[in-house]
Structure formats: C-alpha cells, structure tokens
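Beneath this line is the structure, given in structure tokens, with notes to follow.
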Ligand code: UGA
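In my numbering, the protein residues as written are 1 to 418.
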C-alpha cells in the first residue's frame, strides 16, 4: 500500500483488458505495475505509447504512470494482482487456458517469497468452474493468498469508458476478506456491486455475452424477414426498444457479431453445456445464424451482378466494429473468402485495420483508399466507421451491411436487413 492509502496493483497480461484495467486504476491514483511477456509492448508502454489502437486509451496512457516490465517478480511489490490473459478458443470450442495458467504459475512462484497477504484477481473470461478447478490449485501453496474473480464487461473501442463508468461490478469470492478488499478498491465507481461465489460470477459473464449475441442474431433474423417484406428493421427495433422490458441496445441488425469475445465465449458456453449433459439449442442456433448472416451480402450483390468472376468488388470496413483495429473473427474475413471463391477481384479500405487484415490476406487483395474502393463495380460496407458517412456514393452499386445512411444516395442501394 502507498502512503496515501492507495494500493499497489500489478496487472498481468497487457492486452485490451489488461491495459485498460492498468490505465483505469492508475487514473484513480493507484500505483500500477504492468507485466507482459512481450518486450516490445513493455517498451512502448514505458514510452507512453499505446501498443493497440483503442480509442481513449492512447490519450489516457500519456497521463498516467505505469511501470511496465516482463519480470513477473515485480508483482512481489504489489498488494493485488489482476490476471488478464486472453482465453482463445481451441479447435473443439472449449477455451485455451494457457495465457491464464502460465502467468498464474509464475505468480504462484513469486508469491511464495511474500510474507504478507496478497489478493489475486482473475479478470480473464472463463467458463464456470475454472477458478475452483484450475486457479485455486495453482495458488494454494503460495502463502497467504486471497482469490477473487472479477469479470470484465469492456467493449473494444470504448473499453476505458466502460472501465471508468461500469454498469455493474461482479465479484466472485470464497472468503470475505478477499471480497472486501476488492469491493473497497471499487468504492466510488457509482454502480451496483454484486458479490457471489466463483461459479456464479463466471456464469454471469458468459451468460451476458451469450445474451448480447442472442439479441444480435434475433434482430438479424427478424431483419432478414423485414427485408423481404419491405419493412425497415431499424424502425421495428426502435419501436421495440421503447418498451423497457426489451430495451434498445444490441438490436442493430447487420452482418452479425465478430470480435474476439462474443463468438468464442458462446462457443465455449455451448461446449461446457454439452459437457454437463445440457442441450444448448438457442445458443447453437445463434451461432448458426451468425455464420450464415454475412453470406447474405453476396446473395444481395448477386441480385445485381449475377456472376462475380473477374468483377472488381470494393469493401469499406474490415475491423469487427468501429473504434478498433481488431480483425479477429471479423465478418469481413468470411465475406472476402467467399468473394475470392467466386473469382472476384477485391479492393479494400479501413481507416485502422488494414495492417492487421494484411497479415491474414496479404497480396490476395488490394489495399487502397476509400476513393480507390469506390471505383469498383460494386461496394460492400462492412464496418460503420463515421467517415463512411462523408463519401460520394452516387452512381454506385452499394450493398450495406452496417447501415450507413449516406450510402442510400447510391444508384443501386441494398441494405442487408432493410
Ligand atoms: C463484448 C461485450 O459487449 C463486452 O461487454 C465484453 O466485456 C467483451 O465482449 C468481452 O467479453 O471482453 P466486444 O467484443 O468488444 O465486447 O464488442 P461488442 O461491442 O459487444 O460488439 C460485438 C460484435 O457485435 C461487433 O461485431 C458488433 O458490430 C456486433 N453488433 C453489436 C451488432 O451487430 N449489432 C449490435 O446491435 C451490437
């Protein structure tokens, strides 16, 4: 603890979640040590350069003191360690715990040398049971250690905003002392704090992401029918959203949900449900709909250009959503693969995500400007970046997967669900 009563916090794993957690606590006056195995990332953070494109974080990092290091031993100087490693999917749909387990083992080694109490907080998203079955055994012989699970509800693109003004904080605990320390750390965040056992906290996170994904697939299914009936699904969603029982969020119809979290968390929950003998019918259908939805873009395109062989197709937007350069599980991947299969030539533009997309498709497609994309025979809009509202779409064929209203001026305009 520092003299002012603030804590010393170590954050292990500096991806979007870890870095946001580190910056967020530093902004609240705590002393933060950031630990990551990637030396380049560590160097950038020490130079106050944000290693990822994440709106808000880049500016904030310049105004806080975070000591970044690759040395897990530095956690010894902290009161609380947050484990923030990613939990990517394995081929069978379950999650790979390597980036959580390995740092936990290293931390366990370090904490064996500590003489006083230390709180370890799991921030990574895991299926119910992992803290008890995997993390506790790793840490149990490490002296006086308390454990909590504190799932994050941070959206990429607005992660720092979500950290600073959360809608709720969930603390999973199995001893009061650990829970009280974490609860005190979150004092003044101005939102409800729910304290539960480990498994419940883990399930709250999984069920929340599954529910958001379900709403998206639901509105996409309604939208597909609306399209055929000549109804604007955005008007329908607006009308539904006035009902507080329904609410208006996560009802933006489009090409489906991408990103690192919703798809893999849903797949992991499906795998877990099956493992315990449950039949996750709704969740499996949500995933199924989400796989099919982006391919509707090609169906709509073919209503105007029946054969895509040799045609130049432009794509505006590659990131899985605006405000980030993240292309993990972006629907642009499925669409580009399908277009390449059809023999189309592809020109793409994204204000932030082109370097990451290049790593996936290299020179199979052309990377250009928005004007370059608009010279194509037809253009698909796949991410709703604001700047796409300033382009000149007249005389073009536009298939819009994300609702860019300006594009309605096109000679031929098709919205995916409207
Ligand atoms: C999601 C959750 O929203 C966070 O609460 C959670 O903490 C995070 O996963 C995580 O588990 O770490 P994120 O993946 O950053 O956050 O993205 P979202 O903003 O939820 O969007 C996911 C996808 O759904 C995007 O492709 C977005 O375009 C799409 N979406 C979202 C829609 O198609 N329609 C909508 O109405 C909303």
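Ideal Cβ positions, reconstructed from N, Cα and C, are used throughout, including at glycine.
- Counting along the chain, the unbroken beta strand (DSSP E) around residue 316 starts and ends at 312-316.
- Residue 54 has its CB no nearer than 7 angstroms to any heavy atom of the ligand UGA.
- By the CB criterion at 8 angstroms, residue 201 and residue 239 fall outside the cutoff.
- Out of 314, 326, 352, 323, the CA that lies nearest to the CA of residue 335 is found in 314.
- Comparing C-alpha distances from residue 400 to each of 417, 381, 268, 408 shows the shortest one belongs to 381.
- With a threshold of 16 other beta carbon atoms within 10 Å, residue 71 falls short and is exposed.
- For residue 4, there is no enclosing beta strand (DSSP E), as DSSP marks it with neither H nor E.
- The residue from 168, 195, 174 with its alpha-carbon nearest to that of residue 188 is 168.
- At a threshold of 7 angstroms, residue 17 counts as near the ligand UGA, since its beta carbon sits closer than that to one of the ligand's heavy atoms.
- DSSP places residue 111 inside the alpha helix (DSSP H), whose first and last residues are 98-111.
- Taking 7 angstroms as the cut-off, one finds at least one heavy atom of the ligand UGA near enough to the beta carbon of residue 125.
- Residue 191 counts as exposed, since fewer than 16 other beta carbons sit within 10 angstroms of its beta carbon.
- The shortest C-alpha to C-alpha distance from residue 138 to any of 165, 127, 114, 106 is the one to 106.
- In the three-state DSSP reduction, residue 236 falls in the helix class (H, G or I).
- DSSP, read as helix, strand or coil, puts residue 177 in helix.
- A distance below 8 angstroms between beta-carbons, with the five flanking residues on each side excluded, links residue 99 to the following residues of its chain, in chain order: 13, 85, 86, 87, 88, 124.
- Exclusion of the five residues before and after residue 286 leaves 213, 214, 217, 266 as the residues of its chain whose Cβ lies within less than 7 angstroms of its Cβ.
- Taken through DSSP and simplified to helix, strand or coil, residue 167 comes out as coil.
- Here residue 82 carries a strand assignment [DSSP, helix/strand/coil].
- Excluding its 5 nearest sequence neighbours in each direction, residue 53 has C-beta neighbours in its own chain below 6 angstroms: 325, 352, listed in chain order.
- Inside the region 312-351, DSSP marks whole alpha helix (DSSP H) runs of 4 or more residues at positions 331-341, from first to last along the chain.
- About 5 angstroms separates the beta carbon of residue 366 from that of residue 347, a gap short enough to meet the 8 angstroms contact definition.
- For residue 321, the Cβ falls inside the 7 angstroms cut-off from some heavy atom of the ligand UGA.
- In the DSSP secondary-structure assignment, residue 10 is bridged to 33, 81.
- Across the structure, residue 184 and residue 165 are spaced so that their CA atoms are roughly 16 angstroms apart.
- Using a cutoff of 7 angstroms, the CB of residue 216 counts as near the ligand UGA, since one of the ligand's heavy atoms is closer than that.
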